[in-house]
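Report on one structure; see the data block that follows.
In this note's numbering, the protein residues as written are 92 to 314.
Following this line, the structure appears as structure tokens:
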């Protein structure tokens, strides 16, 4: 028989699992990290935008000359980030990986890049890639998860740079060549976000001896 406590927990979980939609990005950041997101105003910051856009165009040219070789397109975004950082540096930005609350530099997690320019508020940049003609799909493409060591530690502007990627199929191997052929720069202020709860576990708990039903080995004999 289910106890009253278990029934109460079930009701709590049911409420928690109800999807929350259209939560403003700036509210998410403030709730998670207790810092603000500033709107990137035009024409007030037009000079900065022009320099950022110049850096992104240069990134496209650099990667076109040195295409990214990967077996899967979802790995291309990480490879483009160093090109973006270097192009931003060449155009007067102090650019690099964001520092966490513990002072560490991390590649995983939001955001990818932090830039400074002439004493203004810092700018966080998230780098994304998408296949040609796929920029208008409704598949989830932006993710932000709570972290014990977040990289968002100060009030800042938040931008996303999306590169449209074209694939050149290579014969005789597993890798293909990927080049950016277009780009989009967007302000994340005002972005509507959805929350989808997820249950997860790990291998230690998944294969715990108390629930293990069978195990064995099957060595490969073909050597």
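Ideal Cβ placement from N, Cα and C applies to all residues, glycine included.
In the DSSP assignment, the residues bridged to residue 207 are 185. DSSP places residue 290 outside both helix and strand once states are collapsed to three, so it counts as coil. When only Cα atoms are considered, residue 167 and residue 223 end up about 14 Å apart. With fewer than 16 neighbouring CB atoms inside 10 Å of its own CB, residue 297 falls in the exposed class. The straight-line gap separating the alpha-carbon atoms of residue 221 and residue 256 is approximately 6 Å.
By the neighbour-count criterion, in which a residue is buried when 16 or more other Cβ atoms sit within 10 angstroms of its Cβ, residue 271 is buried. For residue 218, the enclosing beta strand (DSSP E) starts and ends at 214-222. In the DSSP assignment, residue 248 falls within the unbroken beta strand (DSSP E) covering 247-259.
Remark: C-beta atoms of residue 182 and residue 145 approach each other more closely than 7 Å. Taken atom to atom, the span from the alpha-carbon of residue 242 to that of residue 263 is near 41 Å.
A straight-line Cα-Cα distance of about 24 Å links residue 198 and residue 230. For residue 284, DSSP records a beta bridge to 114.
With 16 or more other Cβ atoms from the protein chains shown falling within 10 Å of its own Cβ, residue 179 counts as buried. Taking 7 Å as the cut-off, the Cβ atoms of residue 254 and residue 274 count as close. The alpha carbon of residue 248 has as its nearest neighbour, out of 154, 161 and 205, the alpha carbon of 205. For residue 269, the three-state secondary structure derived from DSSP is strand. In the structure shown, residue 196 adopts extended strand secondary structure according to DSSP, grouped into three states. Within its own chain, the residues whose Cβ lies closer than 6 Å to the Cβ of residue 186, once the five positions on either side in sequence are excluded, are 176, 179, 180 and 206, listed in chain order. In the structure shown, the three-state DSSP call for residue 133 is coil.
Taking a cut-off of 8 Å for Cβ pairs, the region 273-287 and the region 127-140 touch, as three or more such pairs fall below it.
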